[in-house]
Amino acid sequence: MFFVTSENSAKPEVAEFLTNIKTEILRYKIILVSPAMGTGIDITFPEEVSHVDGVYGLFEARINTHFDIDQQLSRVRHPKYVRVWISPELFNFETEVEPIKQEIAESEIIPEVLTGYSPIGGMPDYNWNDPYLTLYGNILAAQRASKNKLRENFIDLRTYNGWIVEPIEPNTEISSSGSDHAKQGEALRQAKHVQRILDAEVIDPQQVDELMRKADVGKSLSNGEKDALERYFIEHFYCLGASRELITKDNEGKYRQQIQMFERVIQGEPDKALKEVVYERVRLLRELYQSAGIFTDSSFDTSTTLTSERLKSFIAVCKKRRVKIDRVFGSPLRNDYASKPMQQLSLFLGMCGIKTVRKATKKNGIKTYNYNIADAALGEIQEIVTRRKSKRSYS
Numbered sequence: 023m024f025f026v027t028s029e030n031s032a033k034p035e036v037a038e039f040l041t042n043i044k045t046e047i048l049r050y051k052i053i054l055v056s057p058a059m060g061t062g063i064d065i066t067f068p069e070e071v072s073h074v075d076g077v078y079g080l081f082e083a084r085i086n087t088h089f090d091i092d093q094q095l096s097r098v099r100h101p102k103y104v105r106v107w108i109s110p111e112l113f114n115f116e117t118e119v120e121p122i123k124q125e126i127a128e129s130e131i132i133p134e135v136l137t138g139y140s141p142i143g144g145m146p147d148y149n150w151n152d153p154y155l156t157l158y159g160n161i162l163a164a165q166r167a168s169k170n171k172l173r174e175n176f177i178d179l180r181t182y183n184g185w186i187v188e189p190i191e192p193n194t195e196i197s198s199s200g201s202d203h204a205k206q207g208e209a210l211r212q213a214k215h216v217q218r219i220l221d222a223e224v225i226d227p228q229q230v231d232e233l234m235r236k237a238d239v240g241k242s243l244s245n246g247e248k249d250a251l252e253r254y255f256i257e258h259f260y261c262l263g264a265s266r267e268l269i270t271k272d273n274e275g276k277y278r279q280q281i282q283m284f285e286r287v288i289q290g291e292p293d294k295a296l297k298e299v300v301y302e303r304v305r306l307l308r309e310l311y312q313s314a315g316i317f318t319d320s321s322f323d324t325s326t327t328l329t330s331e332r333l334k335s336f337i338a339v340c341k342k343r344r345v346k347i348d349r350v351f352g353s354p355l356r357n358d359y360a361s362k363p364m365q366q367l368s369l370f371l372g373m374c375g376i377k378t379v380r381k382a383t384k385k386n387g388i389k390t391y392n393y394n395i396a397d398a399a400l401g402e403i404q405e406i407v408t409r410r411k412s413k414r415s416y417s
């Protein structure tokens, strides 16, 4: 078995494999690759002999377009068969070119399209016929249209190109068993990850710098070195010693990302020195939270009871910023964001690690739910933020 991923693609043995792939591939029974092995790789054998028995593809949603998937599967030119699983998820990304062009222009992604300001009202004027703006808008529209119906679009493309597509009916029994095994496997993987970090060497900042420089010049780090770095980053971030509970809570860095976003949101107007995409996410989250009536100045209000009626302004902002939400977060609004705004707001709150609690009320036999920000979850985040402010590093 041989692996090609973004993590090992710089290794000499992988480079050797890719350079001589038509002969090297015959040495292995199984080759597992990520999109790291994409364009520029052509696995064709003399006289179109099918040395490769089968090509298998597993593709989640919102990552590749169906054109990308087709290209990645086609690295092997004449396999005996191709078997593919593609996420059936459907999305509602904006696909109209003109709204996309407007959002791109207003976001100053292409500064040249701003031609000046209107003498009346000072509103910005844009060159809507700018070729780069038009090209960018059309590319984004095509990508989003592809991702909206990824599986269906891929099947249509393959059928159009002359392939015979044979759908496989789902097997409920096998699917349930596979799901159980996947959950058990993930639980075991997470437990091993936690234990590896607990067992990792405790290193100092100088050792961290040395390992980071080693990685920056393309040298591979051992698993022990990676684990030592991860332990250092966890302890340094939370200003606490590593524990099983802390490493589990960190969730392989996801909780750190949420805490960092929370810190940026409560700091006020974001620093323009931030990366553009981070700057835009912070500004957009602040606007969305404020429209929901749960965020004022630099603090969240846990006393505000949220109902669909109170979230009308939030719904309006979601509708107004729909295209921007698509681009900045890389994820579209829920199809039911207007009828179930609380579910959409919960997704946005989750980006800062904030959770909600709900309380059921019944009137005239009709049950409704009211929501508040969870005090406990917010308090935990605030405690971490306060500790990070008071301690520059863990000692």
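Residue numbers for the sequence shown, in our numbering: 23 to 417.
Yeah, the Cβ is synthetic: ideal placement off N, Cα and C, and Gly gets one too.
None of these values were measured; they are calculated from a predicted model.
Pro-146 sits in a strand when the DSSP states are folded into three classes. Between Leu-328 and Arg-344, the C-beta gap is not smaller than 8 Å, which leaves the two residues out of contact. Judged by pairs of C-beta atoms under 8 Å, the region 188-208 does not touch the region 149-159, as fewer than three such pairs exist. Only residues of its own chain outside the window of five on either side were considered, and among them Asn-30, Ala-32, Lys-33 have a CB closer than 8 Å to the CB of Ser-242, listed in chain order.
In this structure, the beta-carbon distance from Arg-349 to Glu-128 does not fall below 8 Å. When secondary structure is reduced to three states using DSSP, Ser-31 falls in the coil class, being assigned neither helix nor strand. Here the region 201-208 makes no contact with the region 380-388; the two share fewer than three CB pairs at distances below 8 Å.
In the three-state reduction of the DSSP assignment, Leu-243 falls in the coil class, being assigned neither a helical nor a strand state. In this chain, the beta strand (DSSP E) harbouring Leu-136 covers 136-139. If you keep only unbroken beta strand (DSSP E) runs of at least 3 residues inside the region 97-140, you get 103-108, 136-139.
Ala-37 is the residue among Asn-183, Tyr-301, Ala-37 whose C-alpha sits nearest the C-alpha of Met-59.
With respect to Arg-105, Thr-66 sits apart: the two C-beta atoms are not nearer than 8 Å. Distance from the CA of Glu-82 to the CA of Val-71, rounded to the nearest whole angstrom, comes to 31 Å.
The Cβ atoms of Gly-375 and Tyr-277 sit closer than 8 Å to each other.
Spatial neighbours of Ala-237 in its own chain (CB-CB distance under 6 Å, excluding positions within 5 residues in sequence) are listed in chain order as Leu-243. Ranked by Cα distance from Glu-111, the first of Thr-117, Leu-95, Arg-84 is Arg-84. If you draw a 10 Å sphere on the C-beta of Tyr-393, you find 16 or more other C-beta atoms in it, and that means buried. In this structure, the CA atom of Gln-217 is about 26 Å from the CA atom of Val-26. Excluding five sequence positions before and after Arg-253, the CB atoms of its chain that fall closer than 6 Å to its own CB belong to Ile-219, Ala-222, Ala-264, given in chain order. Excluding five sequence positions before and after Gly-76, the CB atoms of its chain that fall closer than 8 Å to its own CB belong to Pro-101, Lys-102, Tyr-103, Val-104, Arg-105, given in chain order. Per DSSP, reduced to three states, the secondary structure at Ile-403 is helical. Counting along the chain, the unbroken beta strand (DSSP E) around Asn-392 starts and ends at 388-395. In the three-state reduction of the DSSP assignment, Arg-349 falls in the helix class. Going by C-alpha positions, His-88 is about 10 Å away from Arg-180. In the DSSP assignment, Thr-270 falls within the unbroken alpha helix (DSSP H) covering 266-272.
Non-local C-beta neighbours of Ile-269 in its own chain, meaning closer than 6 Å and more than five positions away in sequence, comprise Val-216, Ile-219, ordered along the chain. Burial state of Ile-53 is buried, judged by a 10 Å Cβ sphere holding 16 or more other Cβ atoms. By a beta-carbon distance limit of 8 Å, Ser-109 contacts Arg-173. Their separation comes to about 7 Å. With respect to Met-364, Leu-333 sits close: the two C-beta atoms are nearer than 8 Å.
Ile-395 sits close to Ile-316, with the two beta carbons spaced by under 8 Å. Note that the C-beta distance between Ala-399 and Lys-377 is below 8 Å. Approximately 29 Å separates the beta-carbon atoms of Val-287 and Arg-266; this is outside 8 Å, ruling out the contact.
With 16 or more other Cβ atoms from the protein chains shown falling within 10 Å of its own Cβ, Lys-169 counts as buried.
Excluding residues up to 5 positions away in sequence, Tyr-50, Lys-51, Ile-52, Ile-53, Leu-54 lie with their Cβ nearer than 8 Å to the Cβ of Met-23 in the same chain.
Runs of the beta strand (DSSP E) lying entirely within the region 192-266, each at least 3 residues long, are absent. DSSP, read as helix, strand or coil, puts Ala-314 in coil.
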